[in-house]
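Visitor:
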Amino acid sequence: MEDKKCATFFAMLIILFASNSYLRLSQCQLMPIVSDNQVKTFIVFVEEPVGGANLLNDEELTNFHRSFLPNNSLDSGEERMIYSYRHAISGFAALLTADEVLAMETKPGFLFARLPEEVRAETTYTPQYMGLSEGGGLWWSSQYGEGIIIGVIDSGITPTHPSFQSFNAVPAPPVNWFSNCSFGPNVCNNKLIGAMAFQNGKNPSPLDDTGHGTHCASIAAGSPVYDAGVLDQARGTAVGTAPRAHISAYKVLYRNSGTEEDFLAVLASQKKIHLMLLRDFLLGIDQAIRDGVDVLSMSLISGPKRFENTSIAISSFYAITRGIVPCAAAGNSGPTASVISNDAPWIFTIGASSTDRRIKVTVILGDATEIDGESAYQPDTHNATNLELVFDPDCLFLSADVQGKIVLYEASPFSLLIGSMVKNAGGEGIIMMNSIKRGFTTYSEPHFLPAAHISHVDAQKLMAYAQTSNPTASIVFKGTQFGASPAPSIAYFSGRGPSQYNGGIIKPDIVAPGVNILAAWPVEVGPNPTAGIVADLKKNHPDWSPAMIKSAIMTTALTEDLDGNPIADDAFSHQPASYFAMGAGHVNPERANDPGLVYDTQPLDYIPYLCGMYSTDIVKAIVRQQGIHCSTIQSITAAKLNYPSIGLRMPIAKGSAIVITRTLTNVGPAELYDLQIKKMPDGVDIRSDTKNLSFSALNETQSFRLQFTSNGTAQSGQVSEGYLILNSTTHVVRSPISVTYY
Numbered sequence: 042m043e044d045k046k047c048a049t050f051f052a053m054l055i056i057l058f059a060s061n062s063y064l065r066l067s068q069c070q071l072m073p074i075v076s077d078n079q080v081k082t083f084i085v086f087v088e089e090p091v092g093g094a095n096l097l098n099d100e101e102l103t104n105f106h107r108s109f110l111p112n113n114s115l116d117s118g119e120e121r122m123i124y125s126y127r128h129a130i131s132g133f134a135a136l137l138t139a140d141e142v143l144a145m146e147t148k149p150g151f152l153f154a155r156l157p158e159e160v161r162a163e164t165t166y167t168p169q170y171m172g173l174s175e176g177g178g179l180w181w182s183s184q185y186g187e188g189i190i191i192g193v194i195d196s197g198i199t200p201t202h203p204s205f206q207s208f209n210a211v212p213a214p215p216v217n218w219f220s221n222c223s224f225g226p227n228v229c230n231n232k233l234i235g236a237m238a239f240q241n242g243k244n245p246s247p248l249d250d251t252g253h254g255t256h257c258a259s260i261a262a263g264s265p266v267y268d269a270g271v272l273d274q275a276r277g278t279a280v281g282t283a284p285r286a287h288i289s290a291y292k293v294l295y296r297n298s299g300t301e302e303d304f305l306a307v308l309a310s311q312k313k314i315h316l317m318l319l320r321d322f323l324l325g326i327d328q329a330i331r332d333g334v335d336v337l338s339m340s341l342i343s344g345p346k347r348f349e350n351t352s353i354a355i356s357s358f359y360a361i362t363r364g365i366v367p368c369a370a371a372g373n374s375g376p377t378a379s380v381i382s383n384d385a386p387w388i389f390t391i392g393a394s395s396t397d398r399r400i401k402v403t404v405i406l407g408d409a410t411e412i413d414g415e416s417a418y419q420p421d422t423h424n425a426t427n428l429e430l431v432f433d434p435d436c437l438f439l440s441a442d443v444q445g446k447i448v449l450y451e452a453s454p455f456s457l458l459i460g461s462m463v464k465n466a467g468g469e470g471i472i473m474m475n476s477i478k479r480g481f482t483t484y485s486e487p488h489f490l491p492a493a494h495i496s497h498v499d500a501q502k503l504m505a506y507a508q509t510s511n512p513t514a515s516i517v518f519k520g521t522q523f524g525a526s527p528a529p530s531i532a533y534f535s536g537r538g539p540s541q542y543n544g545g546i547i548k549p550d551i552v553a554p555g556v557n558i559l560a561a562w563p564v565e566v567g568p569n570p571t572a573g574i575v576a577d578l579k580k581n582h583p584d585w586s587p588a589m590i591k592s593a594i595m596t597t598a599l600t601e602d603l604d605g606n607p608i609a610d611d612a613f614s615h616q617p618a619s620y621f622a623m624g625a626g627h628v629n630p631e632r633a634n635d636p637g638l639v640y641d642t643q644p645l646d647y648i649p650y651l652c653g654m655y656s657t658d659i660v661k662a663i664v665r666q667q668g669i670h671c672s673t674i675q676s677i678t679a680a681k682l683n684y685p686s687i688g689l690r691m692p693i694a695k696g697s698a699i700v701i702t703r704t705l706t707n708v709g710p711a712e713l714y715d716l717q718i719k720k721m722p723d724g725v726d727i728r729s730d731t732k733n734l735s736f737s738a739l740n741e742t743q744s745f746r747l748q749f750t751s752n753g754t755a756q757s758g759q760v761s762e763g764y765l766i767l768n769s770t771t772h773v774v775r776s777p778i779s780v781t782y783y
C-alpha cells in the first residue's frame, strides 16, 4: 500500500543534502583528488607530533598544524585554520583548495584529507519497564549514577526545563571538571554542569532550538519530574536512567537553513532531521573529551561508511583510550538490511525496541469490526463517531472531500502536518495506516484531532472494508494501557546489519526502548536510555574498561519477550528477530550489574583487525600510534576480535575450518562455568577445546578455542544463527553466533 503520490508530494517539501566527497592519498583507495581552485573546508588528518600532542600546549599544537598549510590566511585576509583538534582526531579543519591539498601530500606526517560529512540526528515508564527500581538493584547500588558525567553531543539543551534542575539531590561535579557553561553560572547547576556550542569556528548559544538534544539528555540523566505526561496521557514520574549523573551539553546540530527552514520548524516535533558539518561535530567531541566526560551519548548517524569516512568512529576510538564509553544509535533507516550506522566494534551501537505501554485508540467500523491503534490526543469530547471514511490518494485534503469525515492515509514522518491539514479542511478524524515496511510499529503522537495509528495488517482489513458501500467508522479512546504484546519488539526503523564495513561483527550490539519515549521533549521516536545505564554501571564499576561495560550489557541481554517468546520484529510479521536486528538482545540493567564474566578488548587490540582492512595511513589516523606499519603486523579477521558476540564468514565447502579464541575476565566470585553450544548454527559443526572454565580470583582471565567446520549442507549467501553460554550456579553468560556462508 505504498502511496507514491503522497511520497512524491511531501518529498518536494524538503530537500536534504548529503555530502560524501573525500580526498586522500592514492594508496588509501578513496576517490582520486581532482584539481580544483575553489576554497573549501577540508578535514586534514596528520600523524601526531613526535612525543604526542599531550606534550604541546594549545598554541604549540595549532602552530604544528599550521605548518602543513601553504600560509596562514587567504588572499582575503581570512584565517585558514578553523579548528585545531587535540582529542577527537589528530588533525585540523582549514580553508584550502583541492590543489593545495594535493601539494600537502608531500609533507611528512600528512595522512589524508576530505571534505566535511553531514550528520543527521535521528521517560515515565521506561526505567520501570527495564527493571530499574528505587528500592534496590542497580539504581540503588550505583546511587543513581551519582558523580558520572554524560556528554550529550546533539542540538543543545533547554536549561530551564525541570529535568535539568538539581533540586539539591545532585552533588557538586568532580573537582577535576574543566568545562564552562555558556548560559552563565546562574543557569547551570549541579545537574547541568556544562554547555557549549560550536558552529563555523564560533561559539553561539547552546540553547536547544529543536528539542532533540533536550530529549536525549533527559532520557539519559534527567532529574525526576513528577506528574509528567503528554496531553494528559502516560502520566507518572519522568526520570532519566541515571538521574543523579551530571550532564554536559555540546551543541553541534542546527536547524537547516534556506527555503525549507519554516517547514522544518513545523516538523520539529515529529521528524528530527538536522545537518551538521563534520568540523563542528569533531570540535564538540574534542571539547567533551578535554572536559573529562565519562560517557558520550550520540544520537547521530551519518549512514554506513568506512571507518575513516565517519567522524563518529575516529573520535570514539580516542574516547575509549581515555576510558570514555561512546554510545551511539544504530540509525533510523530500517528495516532494509545493511543500513546500520556507527558499526565500529569500539562503539556501543544500540537499536530501538518497543515497550508494552500503549496510549490506545480503537477504531470501530460500521460492520462492528474493531481495530486497535494509538494516539496521544484523546479529548473528552469529539465528533469522530459513525462518520464516513474517505481515502485521499493524492493527499490534497480538499474541504469538499474531507469535511465532516474520517480521512485514511498512509502513515509517514509527516503525520502531524497532515493531521493539521485535514483539520483545517474540516475533517473530523484521521487514521494513519502502516505500509508493509512499517509493519507493526505504531506511535502515540500528539495530534490535533481524533486519530489512530494502525499496523499494516489492520490497514489491509480497513482498506478492504473502505471499498464497500457507505463505509463508516468511529474512533474510541481507551487511554494509557499496559501489557501490550509482543513486547519488547524491534521497531521497523531500527538500523539493521549486517554491516558493510566492519568485517562481519554483529551489529547492533543490543536494543533498548526507543519508541514512544516520554521525556523532556515529546517526540514520536526517542533515543534509547542506554547511555544512562552505562553511567550507572560505570559508577558501580569504575575500573571496568568501555569494552567490559559493553560486554556486561550484551552477555546479560534478554532474548525473549514478556510472554516468553523470542523477541519479534515489527517489520516482518512479528517473526523472531535476527541478530542483525536485535544484536545480543534487549538491555537488562540489573543483570548487567553482575555479569559474572566479561570479554575485554583494549584499544591496541584493534590494530591487527584494522590492518586486515585498511592501509597503514588510515590505521594511523584512527589509532594515533607512532611506528605502525601494517606490513609487519599479523592481521586478524573481525571474528577473531575478543568480542562478546561471534560473527564470521564461512566457506560452504565441506571440511572448511575456522578457529577463533575468546578470553574471559572474571568480575564475580570464584566459580566454575560450563561451556555449552546451546544452539548449533545450521551448516556448521562447532567444537570447543574445553568443557568448562574455572575462576578462582577476581580479574583472573581464562581462554577457550572454538573450531567451526563446515558440514557441506549450507548454501552460498545463507545466514545461520546459534548461541553459546557459560553457565555457573549463579551466572549465565550468553554470546550470539552468526555464520554467513560464501
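Under the working numbering, the very last position in the sequence shown is 783; numbers go up by exactly one each time.
In this text, a Cβ means the ideal position worked out from N, Cα and C, and glycines have one as well.
(1) Would the region 618 to 638 count as touching the region 579 to 595 if we require 3 or more Cβ pairs under 8 Å?
(2) Would you call the region 353 to 372 and the region 516 to 532 touching, i.e. three or more CB-CB distances under 8 Å?
(3) Using the Cα positions of Gly-460 and Ile-288, report the straight-line distance between them to the nearest angstrom.
(4) In this structure, how does DSSP classify Ile-608 when only helix, strand and coil are distinguished?
(5) With a threshold of 8 Å (Cβ to nearest heavy atom), would Tyr-506 be considered close to the ligand HEM?
(6) What residues in its chain sit with their C-beta under 8 Å from that of Ser-264, if we drop five residues either side in the sequence?
(7) Going by DSSP, name the residue or residues bridged to Met-122.
(8) Could you give the residue range of the beta strand (DSSP E) that holds Pro-367?
(9) In angstroms, rounded to a whole number, what distance separates the CA positions of Val-552 and Asp-611?
(10) What are the start and end residues of each continuous beta strand (DSSP E) run of 3 or more residues lying completely inside the region 477 to 507, in chain order?
(11) Is the beta carbon of Asn-475 less than 9 Å from the beta carbon of His-488?
(12) In the region 594 to 664, which residue ranges form an unbroken alpha helix (DSSP H) of at least 4 residues, counting only runs that do not cross its ends?
(13) What are the boundary residues of the alpha helix (DSSP H) that includes Arg-107?
(14) Is it buried or exposed, Asn-350, if we count other Cβ atoms within 10 angstroms and call 16 or more buried?
(15) Helix, strand or coil for Pro-587, going by three-state DSSP, please let me know.
(16) Could you tell me whether the region 406 to 416 touches the region 644 to 652, where touching means 3 or more Cβ pairs closer than 8 Å?
(17) Going by beta carbon distance, what residues of the same chain come within less than 8 Å of Phe-613, once the five residues before and after it are set aside?
(18) Return the chain-ordered list of same chain residues with a C-beta closer than 8 Å to the C-beta of Thr-138, the five sequence neighbours on each side being excluded.
(19) What runs of the beta strand (DSSP E), each 3 residues or longer, lie entirely inside the region 416 to 444?
(20) Let's test the definition: count the other Cβ atoms within 10 Å of the Cβ of Arg-155 and tell me whether it reaches 16, buried, or not, exposed.
(21) How many angstroms separate the CA atom of Phe-83 from the CA atom of Ser-379?
(22) Do you know how far the Cα of Gly-538 is from the Cα of Gly-344?
(23) For the region 662 to 698, which segments carrying the beta strand (DSSP E) assignment without a break, of at least 3 residues, lie completely within its bounds, in sequence order?
(24) In three-state terms, what does DSSP make of Asp-335?
(25) Could you pull the start and end residues of the alpha helix (DSSP H) that His-772 belongs to?
(26) Got a sec? Which residues, its chain only, sit under 6 Å from Ser-779 by beta carbon, not counting five neighbours each side?
(27) Determine the contact status of Thr-403 and Val-517, defining contact as a CB-CB distance below 9 Å.
(28) Could you spell out where the beta strand (DSSP E) holding Tyr-291 opens and where it closes?
(29) Per DSSP, Asp-715 is paired with what?
(30) Which one of Leu-115, Val-91, Tyr-506 and Ile-727 has the shortest CA to CA distance from Leu-430?
(31) Tell me Phe-389's beta-bridge partners as DSSP assigns them.
(32) With DSSP collapsed to three states, give me the class of Leu-156.
(33) Quick check on Val-552: does DSSP put it in helix, strand or coil?
(34) What residue does the beta strand (DSSP E) around Ile-546 start on, and which one ends it?
(35) List the endpoints of the continuous alpha helix (DSSP H) containing Thr-571.
(36) Check the C-beta distance from Ile-191 over to Ala-576 and give it rounded, since I have them as a contact under 8 Å.
Guide: Taking the structure as given:
(1) yes
(2) no
(3) The sequence position of residue 460 within the sequence shown is 419, counting from 1. The sequence position of residue 288 within the sequence shown is 247, counting from 1. About 36 Å.
(4) Working through the sequence shown from its first residue, we reach residue 608 at position 567. Ile-608 falls in the coil class under three-state DSSP.
(5) Because no ligand of any kind appears in the structure shown, any question about the ligand HEM cannot be addressed here.
(6) Here residue 264 refers to the residue found at position 223 when the sequence shown is read from its first residue. So the qualifying residues of the chain are Pro-203, Ser-204, Phe-205, Gln-206, Ser-207, Phe-208, Ala-210, Val-211, Lys-232, Val-280, Gly-281 and Pro-284.
(7) Counting from 1 along the sequence shown, the entry for residue 122 is found at position 81. BP columns for Met-122 point to Ala-135.
(8) By 1-based counting over the sequence shown, the position of residue 367 is 326. Start and end: 366 to 370.
(9) Locating residue 552 in the sequence shown gives position 511, counting from the first residue. Locating residue 611 in the sequence shown gives position 570, counting from the first residue. Distance between the alpha carbons of Val-552 and Asp-611 is about 13 Å.
(10) 492 to 495
(11) The residue labelled residue 475 in the question sits at position 434 within the sequence shown. The residue labelled residue 488 in the question sits at position 447 within the sequence shown. No, the pair does not count as a contact, with Cβ atoms beyond the cut-off.
(12) 620 to 623, 630 to 633, 647 to 652 and 657 to 664
(13) Taking the first residue of the sequence shown as position 1, residue 107 is located at position 66. Looking at the DSSP string, the run of the alpha helix (DSSP H) that includes Arg-107 is 99 to 107.
(14) Here residue 350 corresponds to residue number 309 of the sequence shown, with the count starting at 1. Result: buried.
(15) Numbered from 1 along the sequence shown, position 546 holds the residue referred to as residue 587. Reduced to three states, the DSSP call for Pro-587 is helix.
(16) no
(17) Against the sequence shown, residue 613 aligns to sequence position 572. If we look at Phe-613 and ignore the five residues flanking it on each side, its Cβ neighbours are Pro-376 and Gly-480.
(18) Within the sequence shown, residue 138 is the residue found at index 97, counting from 1. Around Thr-138: Asp-77, Asn-78, Gln-79, Val-80 and Lys-81.
(19) 428 to 432
(20) In the sequence shown, residue 155 corresponds to position 114, counting from 1. By the 10 Å Cβ count, Arg-155 comes out buried.
(21) Counting from one through the sequence shown, the residue named residue 83 turns up at place 42. Counting from one through the sequence shown, the residue named residue 379 turns up at place 338. Rounded to the nearest angstrom, the two C-alpha atoms are 29 Å apart.
(22) Within the sequence shown, numbered from 1, the residue matching residue 344 stands at position 303. Within the sequence shown, numbered from 1, the residue matching residue 538 stands at position 497. So the two alpha carbons sit approximately 12 Å from each other.
(23) 687 to 691
(24) Locating residue 335 in the sequence shown gives position 294, counting from the first residue. It is coil, neither helix nor strand.
(25) Here residue 772 is taken as the residue at index 731 of the sequence shown, counted from 1. First-last for His-772: undefined, no H or E at that position.
(26) Within the sequence shown, numbered from 1, the residue matching residue 779 stands at position 738. If we look at Ser-779 and ignore the five residues flanking it on each side, its Cβ neighbours are Ile-547, Tyr-620, Gly-688 and Glu-762.
(27) On the sequence shown, residue 403 is found 362 positions in, with the first residue counted as 1. On the sequence shown, residue 517 is found 476 positions in, with the first residue counted as 1. Their beta carbons are under 9 Å apart, which means Thr-403 touches Val-517 by this criterion.
(28) Walking along the sequence shown from the start, residue 291 turns up at place 250. That run of the beta strand (DSSP E) goes 287 to 292.
(29) If you number the sequence shown from 1, residue 715 lands on position 674. In DSSP, Asp-715 forms a bridge with Asn-733 and Asn-768.
(30) Counting from 1 along the sequence shown, the entry for residue 430 is found at position 389. Minimum Cα distance to Leu-430 is reached at Tyr-506.
(31) If you number the sequence shown from 1, residue 389 lands on position 348. Answer is Cys-368, bridged to Phe-389.
(32) Taking the sequence shown and counting its residues from 1, the one referred to as residue 156 is at position 115. Three-state DSSP puts Leu-156 in coil, outside helix and strand.
(33) Locating residue 552 in the sequence shown gives position 511, where the first residue counts as 1. In the structure shown, Val-552 sits in a strand (DSSP, three-state: E or B).
(34) As a position in the sequence shown, residue 546 is number 505, starting the count at 1. Note, Ile-546: premise wrong, no beta strand (DSSP E); not H, not E.
(35) In the sequence shown, residue 571 corresponds to position 530, counting from 1. Unbroken alpha helix (DSSP H) run through Thr-571: 571 to 581.
(36) For this step, residue 191 is matched to residue 150 along the sequence shown. For this step, residue 576 is matched to residue 535 along the sequence shown. Indeed they touch by this definition, with Cβ atoms about 6 Å apart.
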